[in-house]
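Heads up, the final residue of the sequence shown is numbered 113 in the numbering used here, and it's a clean run with no missing numbers. Don't be surprised by glycine CBs; every beta carbon is placed ideally from N, CA and C. Read through the structure below, which is laid out as structure tokens, and then see the notes.
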Amino acid sequence: MKGETKQKFGSNEEKNGKRKNSPILITKKPDLNDPVLRAKLAKGMGHNYYGEPAWPNDLLYIFPVVILGTIACNVGLAVLEPSMIGEPADPFATPLEILPEWYFFPVFQILRT
1 MKGETKQKFG
11 SNEEKNGKRK
21 NSPILITKKP
31 DLNDPVLRAK
41 LAKGMGHNYY
51 GEPAWPNDLL
61 YIFPVVILGT
71 IACNVGLAVL
81 EPSMIGEPAD
91 PFATPLEILP
101 EWYFFPVFQI
111 LRT
């Protein structure tokens, strides 16, 4: 039969005229005698005709391009407009607000003078 559709209800069967809420799986079998499908299968494009899942077949080719493009945009923006936060650090200048523990305080005072 051309374009045959099957419905699988599992635990979804109607009881007393009411149906439980659970997912319904609907599948469509491809008609291998269809000339359009045969032409697409010959070109390697049959999955677009009969509903082959996108994962992993198509998305494995698209994800790396999107990820590398995003990384390239981020790196490009970081190179063009670097973010400088404050002044460059001076390793030889101790800030005044930093104080050592109480037992190092006398040595600290000697070194500061």
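- The beta carbons of residue 99 and residue 92 sit no closer together than 9 Å.
- Per DSSP, reduced to three states, the secondary structure at residue 29 is coil, with no helix or strand assignment.
- Collapsing the DSSP output to three states places residue 91 in coil.
- If you draw a straight line from the Cα of residue 63 to the Cα of residue 56, it is about 10 Å long.
- Linking residue 73 to residue 97 through their CA atoms gives a straight-line distance of about 40 Å.
- Taking the CA atoms as reference points, residue 89 sits about 11 Å from residue 95.
- In the structure shown, residue 55 adopts coil according to DSSP, grouped into three states.
- Rounded to whole angstroms, the gap between the alpha carbons of residue 31 and residue 67 is 37 Å.
- Each residue's CA atom was taken as its position, placing residue 61 and residue 85 some 39 Å apart.
- When rounded, the separation of the alpha-carbon atoms in residue 104 and residue 82 is 40 Å.
- CA-CA distance, residue 106 to residue 87, rounds to 30 Å.
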